Structure formats: structure tokens, C-alpha cells
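If you read the protein sequences in the order shown, they are chains H and F. The UniProt record's numbering applies: residue 1 is where the first sequence begins, and numbers increase by one. The UniProt record's numbering applies: residue 1 is where the second sequence begins, and numbers increase by one. All C-beta atoms in this analysis are idealised placements derived from N, C-alpha and C, irrespective of residue type, glycine included. Being a predicted model, the structure only gives us computed values, none of them experimental.
2 protein chains.
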Amino acid sequence: MATMADIARTANVSVSTVSYALSGKRPISADTRRRVLAAMDEAGFRPHAAGRALASRRSRTVGLLFPAVGKGVTELQLEFFTSAAEAAGEHGYAFILSTAPNDDAEVLRLSRDGVVDGLILMEIRRQDPRVALLRAEGVPFTLIGHCDENVGYSFVDLDFARALETAVAHLAGLGHREVAFVNTSAALLEAGYGPAVRSLAGFESALARFGLRGHHVACEPTRDAGLELTDHLVAEFPAVTAVVSINREALGALVGRAYELGVAIPGDLSVVGVLSERLARLFSPPLTTVDFPVAAMARLGTELLIRQLEGGGAGPTQTMFDGALAVRSSSGPAPARASPVLAAAAR
Amino acid sequence: MATMADIARTANVSVSTVSYALSGKRPISADTRRRVLAAMDEAGFRPHAAGRALASRRSRTVGLLFPAVGKGVTELQLEFFTSAAEAAGEHGYAFILSTAPNDDAEVLRLSRDGVVDGLILMEIRRQDPRVALLRAEGVPFTLIGHCDENVGYSFVDLDFARALETAVAHLAGLGHREVAFVNTSAALLEAGYGPAVRSLAGFESALARFGLRGHHVACEPTRDAGLELTDHLVAEFPAVTAVVSINREALGALVGRAYELGVAIPGDLSVVGVLSERLARLFSPPLTTVDFPVAAMARLGTELLIRQLEGGGAGPTQTMFDGALAVRSSSGPAPARASPVLAAAAR
DNA sequence: CTGTTAGCGCCTTCAC
DNA sequence: GTGAAGGCGCTAACAG
């Protein structure tokens, strides 16, 4: 309601003085400053965002582009949203969430309209056209995920290959000989969705390194698909004694179905999930996990963007998180056993 | 990049003509309009949000206030966020998500700064101080939920009392005689959190109406609490043959624990959840539910707010959704049986 | 139907 | 250390 002109009037100074008192970009005498500040909070003054944005040519707003494609939103994205929003808020930035299905148009809309100063992208593919677009538009951005070609921009990602290796190494250490990897959907894999592609690569190289037999199964991130998948595993790969998954929904279904089939976890079957701390807590019994530090990643992604916006020198920062192994099963998992547990369950 | 002045120049018209060509608030000759539009998309023109906001005194932005209190964010809120964001986008509004812990300050910040034109509030308590504040500030708003005193503002809510009645009626119809109601946390209940309070009321009146015995149990919305609760039910209320819950996390845990204990759902125990369609799908076997139309509610809440902003006459609109019963169990649930199933499971 | 012009609230260069 | 003034891009009277 109150404007700088109002404040200036009641404090007997000029508007520019008010402005500088606020920004500190010019020395102000202690006395003047006090009068100005007094006038401000007496009037409940708050600088108007639009005025400031217009004059400074910065909106102090960051946007998160999340194309709400069919594949539904999961708890994992939720954690991203809220953590990113929090981080933005702490730095004095507003946080815009866009679910527009067509990213390209949305990138243009948000940047050209000046509603955001920069963008955070999720659901990155190996060759992502949005990156070129953002560059062409000169819009600062960071990726949660990364492309094959990634010079000159900031991103933060989980090292999925390493995560899978960590998981497989753990299982190999327990004596397992044959393990299954439950990926996300085949469609995403084909589309070059990074996590799907890179986990698979990590899985395969780990198999080779530890001399294990392995099976890769793609699975839609839905409970139904997960149930079907579990039955499929039972039927087709009876010798499998351990499962690792990056697919939270399938994992939930698998654990549930295992109970139904009388397969004890971790007694009969070892299960390792690549999951955030928060998600891991939703499982019972507690699941051994390779930590997916979602909240930290979202925070960092947001902060990297804001650092760019504030001209924080330093150029692109690229951070790959390593998922730490968290063994949560109290009882030891089954070492590879003679009898194929899954097949036994199928009878 | 391009401004209206640029467009005006290349189209040989004045800026106001450009503006009116865009807004349609004044008749423009077909020919002029064509020239203007041509110039616009040749230049890739997009009106700058800050300029527009400053001149029109409206930011075309709505905000969702979601104080990220301790009790963690759930899939349910996620559905709210994305649905609200979607609805806002469809109406040409930007959507801001604020997780600032202190709502009051945030209300002031977002409104006084002019970053939003209106707000959507979640997690409403029976006496919610934010409402008075919003009123005092003259900020348009809608609630997802409602207060005891609620004249003169718009809200959308689920009729939790009715939802519980629907659930209990269903169970009574199946022949159950003793049912448990799993509420959210005792803390929220005491704080006057609407859903907790009103569901309980609905539960109790339904018990009376149908002459059933019932037990009310508050439970933190976490898996661990849910597990504990299940064991508690087993130990304390062995005659209970049916459970209804508005607590998604507890419900998940309860279903899981039931499997562990060898209690078949719905064979041995009937379970009814108050859940969104999407959440219901996460359960297996499918759960009988009273539908919690989260997405529709978020959309409507957002649209009610936007309608206010656009001066859509009509005054406050208050909508209570009725949760429709969706019986998803294929096999018929257990009518009240002589043998206390939960106790049997406990052996 | 179209042009001219004054702001909207703030930032920032230029002058003192 | 402080003022005055121009302008950011757009809207909306006010004049034709």
C-alpha cells in the first residue's frame, strides 16, 4: 500500500535515499537511515515486486519446470518441489511451479515474459532439446539430471551407475549369485531417460565385475505393473535371490506381493532400493537402500541457479551425488541358497 | 526482448493500439490488427509481466500457502499442488508455492509485495488466524478446508463427517458390529484440525445411528505409528472386524501388517479408506474407499480464487464434496463373525 | 477506430 | 551524504 514516495515524504528525504537505505548500495548517515527505517515499519512498507522487477529487470523468481506427463507425480517429485521451494524462499526468491505439458512453449513464456529469472529443469533426457533452447534464449538454468553433452552448464544429479554398483556390490558381498534389476518403464529407457539408462549400465558393469548373473526388467512406475512384474520374476527367474530397484512404485508392490507369497524379506529375498531417506521410511520392514538424497539435490540445484543469477562468478558447477548404502535390515539377508526361493513361493 | 514500442514502430501504429490489439478492450480494425499481430510474432513478442503488473496492478499470479510443518508432506498434498498449478496455468495465471513456516509473515510478504493477487490456504484449523489477517489485508483467498466461522469467503472441502457416515453405513450393511476409526494425530485433533474433528463427529453419529460399537484411535501419519497402532488394535480391540481410516500412512502400514499377521483383507477384516482415486490405486488388493476427490478440489479452489480476481460477481462459493463410496473388493468382505479375527491373528 | 500522454513503484545515473 | 530526474514496459484515461 505504502510506496517509497510515501516513506520519503514522512521521513523528509528523497525517494532515492529511501531506495538506498533499503539496498545499502550507497552510504547513508546513521540518522537518516533510522528515520527512513522508522517510517517504513510504521507504514508497514514492503517494496512492490513489480516496480522493483521492472526497474531492476530481475523478478527474483525462479521456476521449476515439471511437465506433468502421464506418468503421474510421485512422492519423489514432491520432495523435490518442496525442498526447492524452501531453498528459494530462504534466498528471498519466489518459487514458481509449472506443470505445463509443453516445455518449450513454457520456457519461452516464463523467460520472455520476465516472470522468472532462471529455471530448474527436471526429467532430463540424454539429448534434451530444452537445453539448447534455454541457451539460445540466454536464460540461466540448472538441471536436476544431465545430458550426454553437458559442457557449460550447471547440474546436479545422482550417480545412478555408481548407485547400482554399490547395490550390487553389497549383494555380491552377501553371497548372492543371481540378481534382478527393476528399472523404470521401457518407454523412458528408450526415450533416453538418464536414470534408466545409466542405472542399467551400472548394473551390467557391476554384474561383470562381481561375476553375477543378472536380469534387467523394465517396469511402469505403478503398483499394478509392479505386481505383475513380481509374478513375472517368480515365474521366469526362479533362481533370483536378490532384487534392486530404482522404481519406487514397483518396489512397494514387490514387497507387498512378497508377503502374499510368503517370501520373507530379507530372510528369503534381499531387496535393495534406491530411495530417499524419507521414502525408505515408508517401507516395513525397513529396506536396505542406496540413499537418493532428493532434498539435498533440490536445494543444491536451486542454490546453483540463484548463485548464477547473483553473478556468483565460478562458472558451471556439476555435482554428482553418490548414494550411500544404508543397511537397514536387522536380520541378515539370505546368502544364495540351493533352493530357488521365488520358485518355491510360486507353488 | 521486444517491447510494445518496437511492435508499434514496425506496425506503424501507436503503443496503445498494440496494447488494445492484445487485450481486445477496444475495437481494432481488422487490417490494423493483422499488421500488429504480424509484427508481434515476427519479433517473438511477449508482454513483459512486470510492466503489465505494474500498470494493471495485478500480477496474474496466485499463491498456495503450504506451511511445511513437521508432519511431512504426503502424496495427497502433491496432488493438490500439481492440480492447483495446472488449473492456474490453464487460466493464464502463474502459480507460486510457498512453504514458509510462518504463514502470517508470508501472507504479508506475498500480498503486500504484490507478488500474488490472491492466495489458496491449506491445512485449515477450526479457528484459523490467517483468515482474519487475509481479510484485514483485503487479499482475495480461498480455503481448502473451512473454519467454524465461515461467512463471507469461498472454500472447498470434503465433507468428512458425511464421508465417515458413508463408510460406517457400508460396514453396517455388511453386518459388522464393531469397527475402529483411525484418525490423524492427536495433536492435530486437539489443534482443531477440521478433518480430524469432523470425521470423528461423523464417525460417532454414524455409530449411534447404526447401533454399532466403535473405537476411535488417533495416529501420527507415519508408517511406524501405523504399525504400532495395528498391534494396539489387535491387542486391545479383538472384536473389531472392520477399520475405516482417513490416515493414508497408517492405512498403508495397517494393510501391510495385516498380511504379516495372516489377516486377509477383505476376507477377515474389512478396510475402508478415505482416499483419492490415485492413492487408492497404490493399494493392493484394491481397497474399498470413500473417494477424496483431491484433484477436483484443488482445481475448484483455484478456480474460485481466480473467479474472485476477475470480479466474477456471485460472491463467496462454498462447496462441500461428498465422497462417493467405491467398493473395490471383488470378494465380499467378512460379515461380523463369531471369532475375533484380530485376536486370532495375535496368537 | 486510433493517437497522445500520464502514470504504476522502483532503481540508478547524474548533479550537488 | 543527499536530491532530482529519467526510464523500465505496459495500461488506461483522455482526446480526437
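For H:Met297, does the count of other Cβ atoms within 10 angstroms reach 16, so buried, or fall short, so exposed?
buried
Mind pulling the chain F residues with CB within less than 7 Å of H:Asp322?
Here the premise fails: no neighbours, minimum Cβ distance about 25 Å.
Cβ-based neighbour list, H:Thr222, same chain, cut-off 6 Å, excluding 5 preceding and 5 following:
Glu249
Would you kindly work out how many angstroms separate the C-alpha atoms of H:Asn150 and F:Ala100, rounded to a whole number?
34 Å
Is the Cβ-Cβ distance between H:Phe283 and H:Val255 less than 8 Å?
yes
Chain-order list of residues whose beta-carbon lies under 7 Å from that of F:Glu106 (same chain, five-residue window excluded):
Leu65, Ser98 and Ala100
Who are the neighbours of residue 366 of chain F on chain H, taking C-beta pairs under 9 Å?
Chain F is shown only over 1 to 347; residue 366 of chain F falls outside these bounds and no answer can be derived.
Output, in sequence order along the chain, the residues in the segment 85-99 of chain F whose CB is closer than 7 Å to any CB in chain H.
Ala85, Glu86, Gly89, Ala94, Phe95, Ile96, Leu97, Ser98 and Thr99
By the criterion of Cβ-Cβ separation under 7 Å, what are the contact partners of F:Val115 in chain H?
Ala49 and Ala94
Where do the N-terminal and C-terminal ends of the alpha helix (DSSP H) with F:Gln77 fall, by residue?
Glu75 to Glu90
Answer yes or no: do H:Ala196 and H:Leu188 have a C-beta to C-beta separation smaller than 8 Å?
yes
Can you give me the Cβ contacts of H:Val243 inside the same chain, cut-off strictly under 8 Å, excluding the 5 residues immediately before and after it?
Val179, Ala180, Phe181, Val182, Leu233, Leu254, Leu269, Ser270, Val271 and Val272
Could you give the first and the last residue of the continuous beta strand (DSSP E) run that contains F:Glu178?
Glu178 to Val182
By a C-beta neighbour count over all protein chains shown, 10 Å radius and 16 as the cutoff for buried, is H:Glu190 buried or exposed?
exposed
If we define contact as Cβ-Cβ less than 8 Å, is F:Leu229 a contact residue for chain H?
no
Does the separation of the CB atoms of F:Asp117 and F:Val62 fall below 8 Å?
yes
At least one CB of chain H closer than 8 Å to the CB of F:Thr82: is that the case?
yes
Distance check for F:Ser23 and residue 354 of chain F, CA to CA, integer angstroms please.
Chain F is shown from 1 up to 347; residue 354 of chain F falls before or after that span and cannot be answered.
So is F:Gly44 buried or exposed if we call it buried at 16+ other beta carbons inside 10 Å?
exposed
Name the residue from F:Ala55, F:Phe203 and F:Glu228 whose alpha carbon lies nearest to the alpha carbon of F:His216.
F:Phe203
Is the beta carbon of F:Tyr93 closer than 8 Å to that of F:Ile306?
yes
Judging by CA-CA distance, which residue of H:Asp322, H:Met320 and H:Leu304 is the nearest neighbour of H:Ala314?
H:Leu304
Taking contact to mean at least 3 C-beta pairs separated by less than 8 Å, is the segment 121-136 of chain H in contact with the segment 164-176 of chain H?
no
Relative to the alpha-carbon of residue 367 of chain H, which residue among H:Ala280, H:Met40 and H:Val13 has its alpha-carbon at the smallest distance?
Lying outside 1 to 347, the shown extent of chain H, residue 367 of chain H is not represented and no answer is given.
Output needed for H:Asp231: all residues of its chain with C-beta closer than 6 Å, excluding positions within five of it in sequence on either side, in chain order.
none
Inter-residue CB distance, H:Gly301 and H:Ile7 (contact presumed, cutoff 8 Å)
About 37 Å separates the two Cβ atoms, so there is no contact after all.
With a threshold of 7 Å on Cβ separation, who are the neighbours of H:Gly192 within its own chain once the five nearest residues in sequence on each side are excluded?
Arg125, Arg126 and Gln127
Are the C-beta of H:Arg223 and some C-beta of chain F separated by less than 8 Å?
yes
What does a CB cutoff of less than 6 Å around F:Ala88 pick up in its chain, not counting 5 residues either side in sequence?
Val62, Phe95 and Thr302
Measure the beta-carbon distance from H:Arg26 to H:Ala11 and round it to whole angstroms, keeping in mind my assumption that it falls under 8 Å.
About 16 Å; that fails the 8 Å criterion.
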